[in-house]
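Residue numbers (the numbering used here): 846 to 1061. All residues carry an ideal CB built from backbone N, CA and C; glycine is no exception. For clarity, every value in this text was computed on a predicted model and none was experimentally measured. One structure is given here, and the rest of the page talks about it.
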Ligand code: ADP
Ligand code: ZN
């Protein structure tokens, strides 16, 4: 079983949705930098206020801040059982820092799952995305509707639209993806860790494909 995993892909490729499905099946620690920032924003901590000033405009949170956050989380005992990094690394300096941290804590990355998706579909997915305010579960107004309008199936919390899921921020986020994150594809290919998956297929199909890869 592969257990120290990076989930990578452009915004809207389905990282969050897939992560939730994988975590139901596999006992891994979920480390989502986006979720961690959103939690800090909700609690209005110093980190949250700082992160908000970048995230709401579609920009990346500075590397030092993000790396320190992930380092602290990865260093905890529970990541020994395996972890799923979701949304980190997103820049080359982050990937290089992660490589060092992984050596320090003796938990080497075993695979990088790269979700491929075309730009038109990313825009469609993100502009219709709704998220549960309480548990973070993702929905879509056309393709992943809750049973009751505006209410989370899992926890009954209210659904909302993230304030970075608007057209303007999305444009900036996609640019950051191309400029900052896409180079990581070569980085991990060079290290023989990259595995590509087409995220345009149905979610359950994609999940099965990733599952059978992880069980290898
Ligand atoms: P998405 O994949 O849909 O963009 P995330 O929840 O992963 O959503 O991230 C939301 C925002 O949080 C990003 O647009 C970025 O501003 C910030 N963020 C998340 N992860 C990182 C990271 N590794 N480095 C810098 N900023 C990050
Ligand atoms: Zn919920």
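Residue state for residue 892 is assigned as helix, using DSSP reduced to three classes.
Inclusion of residue 1002 in the 6 Å shell around the ligand ZN follows from its C-beta lying nearer than that to a non-hydrogen atom of the ligand.
Rounded to the nearest whole angstrom, the CA to CA distance from residue 1012 to residue 1043 is 24 Å. Distance from the C-beta of residue 1024 to the nearest heavy atom of the ligand ADP is not below 6 Å. It is roughly 24 Å from the alpha-carbon of residue 1002 to the alpha-carbon of residue 894. Residue environment for residue 995: exposed (fewer than 16 other C-beta atoms within 10 angstroms of its C-beta).
Residue 991 carries a coil assignment under DSSP once its states are collapsed to helix, strand and coil. Taking 7 Å as the cut-off, the Cβ atoms of residue 971 and residue 908 do not count as close. Taking the CA atoms as reference points, residue 926 sits about 35 Å from residue 1020.
In the DSSP assignment, residue 983 falls within the beta strand (DSSP E) that extends over 983 to 985. Residue 957 and residue 847 do not touch by the CB rule: their CB atoms are close to 11 Å apart, not below 8 Å. Within the same chain, 851 and 876 come within 6 Å of residue 930 by CB-CB distance, once the 5 residues on both sides are set aside.
7 Å or more divides the Cβ of residue 939 from the Cβ of residue 975. Rounded to whole angstroms, the separation of the alpha carbons of residue 960 and residue 866 is 15 Å. Straight-line measurement puts the Cα of residue 1034 at about 10 Å from the Cα of residue 1041.
By the Cβ rule, the stretch 941 to 952 does not count as touching the stretch 881 to 892, because fewer than three pairs are nearer than 8 Å.
Selection 922, 854, 1029 and 1004 evaluated against residue 984 yields 1004 as nearest (Cα-Cα). Around the beta carbon of residue 906, a 10 Å sphere encloses 16 or more other beta carbons of the protein chains shown; the residue is thus reported as buried. For the pair residue 937 and residue 1028, the CB atoms are nearer than the 7 Å cut-off. Between residue 1000 and residue 855 a beta carbon distance of about 28 Å is seen, past the 8 Å cut, so the two are scored as non-contacting. Relative to the non-hydrogen atoms of the ligand ADP, the Cβ of residue 856 comes within a distance shorter than 6 Å of at least one.
In this structure residue 880 is in contact with residue 981, their Cβ atoms being roughly 6 Å apart against a cut-off of 8 Å.
Rounded to the nearest whole angstrom, the C-alpha separation of residue 1014 and residue 1008 is 9 Å.
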